[in-house]
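Worksheet: the structure to be examined is printed underneath.
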Amino acid sequence: MDAVTVPAEPFQELVAHARETRVVVIGGGIAGLVAAWECVKVGMAVTVVEASDRLGGVIGTAETSGLRLDVGATCWSTRGGAVRRLVDEVLPDAVVVRPRVDAAWIAGLPKGAAAPVPHDTLLGIPANPWDEGVRRIIGWGGTWRAYVDRLRPPLTIGSERSLGRLVAGRMGDKVRDRMVAPLSVDRFGLTPDDVDVEVAAPGLNPALTRTGSLGGAVADLLTGASEAAVEGLDGGMPQLVAALHASLVERGAVVHTGTRATGLVRDGAGWTVVLAVAARPGAEPDETPMTTDPVPIELTADAVIVATDETAARALVGPAVDDRAFAAAVPAGVAREVVTLVVDTPALDAAPRGAHVHAVPGSGRATGLVHETARWEWLARDAGSGRHVLRVAFGGPEAPPATAGLDDTNAFVLAAREASTLLGVPVERIVAAHRDRFTLVPPVSARGQQERATAARAAVAKAPGLAVVGAWVAGSGLAQVVADAHAEADRLRRGALWGGESHV
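1 is the number of the first residue of the sequence shown in our numbering; add one for each residue after it.
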């Protein structure tokens, strides 16, 4: 095939058009930064406004006892490859690593027992209830009850959307409460009853219909399925945020922090973004340096990408699109506190309970724990011999965080006590600690959330030059958020530059 030559004049016109196209990105979390990058690298004039005093959103850092700790997201799933492609673009010299240990355990079983999460499970649902690892968790009584799943007639198979009701109805309460609930509550702040089967496990209901049992459906989906690996960065994920920020500024983007968007108004063929500028405290040593350009009261734009949480997005976009989809009530999130402990406990060198420990809800005061130095070799190296980094989570869908009313000292003591129970090893000498408070927003797998997100996206698509990105529409996890932000930014830039026609 002959090579295709792009005429110089039309190409120069396109370049000029891109430079004249003003894009405002509201929100400087990872979704907003990725969307901004996708626009600025084709020459668009991009401005990012972030309400807080730092970029990165769920990716953050804290320094304690001379150790720089990741706060929030520490890794990504390799599924789809979106995050790795982004890293290769903006951080080509990064050292990408995989966890040396990533096994999960369930603690809080009867008599204080704990057991590894069996391998052949999906969302905690076992393919084979007779597996010895499953019996350790649910006991012989639970195993016999789960076996009933194989005997029940599939009269209503395929109609149940609630994961909790599906599991309890087919396999019994012990499978739901001891195997499924620890994972859903600790990871997502959702009870199993509030997890949408169709979203959390696509294909499970059809497989259930084909095989006639829930265990058979799990086995069917696991057969031949490629397990997505997990990757991170040697030195921590905040490097990606810093690299995105540097890349944006290098391409001419303007980034403002401490600047909240309070209004979004359709203005002819474009948009006006109304801003409120917060007082800027002195920068902390671990903050990413930001621009000091004067911040205007309003910004005019040809296109706007809203990359905030769901509540803020609905407040901004709702009046602008005047669509009933944005009038839906936003479900209350789950209050979560995470206490990061740096402890001197050589007994943890052997990672006795893997990297993740999920608590049976109600068995203790913490929802779970991540043994970060067991997981990441680079962090263990930085922490030093015998020292370990533990992240203990508090707060679930049915109870506020047990640390909520405590001062830092007592919260750290409680976290160490809960860590001792979860790990089965006394955790006594706290070298340093850090405390984070945030709200777990409902993931797309929460029942009803996908419908709300889909309706919101459809409403936004009707407004030229407007897009929404972020976990509330994309799903939780960096892999989904980054891939979605890339796709939405591509849709918006094609619409702005070529009137929606694909020129890929």
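C-beta atoms are modelled at their ideal positions from N, C-alpha and C, and glycine is treated no differently. Computed from a predicted model, the values in this text were never measured in an experiment.
- In summary, Arg19 is exposed, with fewer than 16 beta-carbon neighbours lying within 10 Å of its beta-carbon over all protein chains present.
- In the DSSP assignment, Ile430 falls within the unbroken beta strand (DSSP E) covering Ile430 to Leu440.
- Out of Gly81, Asp220 and Asp186, the CA that lies nearest to the CA of Arg336 is found in Asp186.
- By the Cβ test, the region 367 to 384 is in contact with the region 100 to 112, since at least three Cβ pairs between them sit closer than 8 Å.
- Taken through DSSP and simplified to helix, strand or coil, His245 comes out as helix.
- The straight-line gap separating the alpha-carbon atoms of Val473 and Arg266 is approximately 22 Å.
- Judged by pairs of C-beta atoms under 8 Å, the region 347 to 361 does not touch the region 299 to 319, as fewer than three such pairs exist.
- Secondary structure remark: continuous beta strand (DSSP E) runs of at least 3 residues inside the region 67 to 142, in chain order: 67 to 72, 104 to 109 and 113 to 116.
- Here Gly470 has Ala31 and Ala307 as same chain residues with Cβ atoms under 6 Å from its own Cβ, once five neighbours each way along the sequence are excluded.
- In the structure shown, the three-state DSSP call for Gly215 is helix.
- By the C-beta density criterion, Glu89 is exposed, having fewer than 16 other C-beta atoms within 10 angstroms.
- In the DSSP annotation of this structure, Glu50 is not part of any alpha helix (DSSP H), being labelled neither H nor E.
- With a cutoff of 9 Å on beta-carbon distance, Val273 and Val49 are scored as near each other.
- Beta bridge pairing from DSSP links Ser162 with Asp196.
- Residue state for Asp234 is assigned as coil, using DSSP reduced to three classes.
- By the Cβ test, the region 169 to 178 is in contact with the region 123 to 137, since at least three Cβ pairs between them sit closer than 8 Å.
- Non-local C-beta neighbours of Phe412 in its own chain, meaning closer than 8 Å and more than five positions away in sequence, comprise Val339, Leu341, Ile430, Ala433 and Arg435, ordered along the chain.
- Looking from the CA of Val195, the closest CA among Val392, Pro99, Gln449 and Ala229 belongs to Gln449.
- Taking the Cα positions, Thr143 is about 6 Å away from Trp130.
- Pro238 is not a Cβ neighbour of Thr121, given a cutoff of 9 Å.
- The alpha-carbon separation between Asp234 and Arg98 amounts to approximately 9 Å.
- Looking from the CA of Ala127, the closest CA among Asp149, Pro116 and Ala303 belongs to Asp149.
- Out of Asp323, Ile59 and Arg365, the CA that lies nearest to the CA of Gly232 is found in Ile59.
- Excluding sequence positions up to five before and after Met44, its CB lies within less than 6 Å of the CB of Ala18, Thr21 and Val23, all in the same chain and listed in chain order.
- Relative to the Cα of Val42, the nearest Cα in the group Ala51, Ala253, Leu299 and Ser52 belongs to Ala253.
- Assignment of Arg336 by DSSP, reduced to helix, strand and coil, places it in the strand class.
- Sixteen is the threshold: when 16 or more other Cβ atoms of the shown chains lie within 10 Å of the Cβ of Glu488, as they do, the residue is buried.
- Under the three-state reduction of DSSP, Leu55 is assigned to coil, being neither helix nor strand.
- In this structure, DSSP gives Thr272 an extended state, which the three-state scheme calls strand.
- Boundaries of the alpha helix (DSSP H) around Glu488: Leu478 to Trp498.
- Under the criterion of beta carbons closer than 8 Å, Leu123 and Pro397 do not qualify as touching, at roughly 16 Å.
- Under DSSP, Phe394 shares a beta bridge with Glu337.
- DSSP places Glu38 inside the alpha helix (DSSP H), whose first and last residues are Ile30 to Val40.
- In the structure shown, Gly60 falls within a strand segment according to DSSP collapsed to helix, strand and coil.
- With respect to Cys39, Leu478 sits apart: the two C-beta atoms are not nearer than 9 Å.
- The beta carbon of Arg353 lies closer than 6 Å to those of Trp105 and Leu423 in the same chain, with the five residues before and after it left out.
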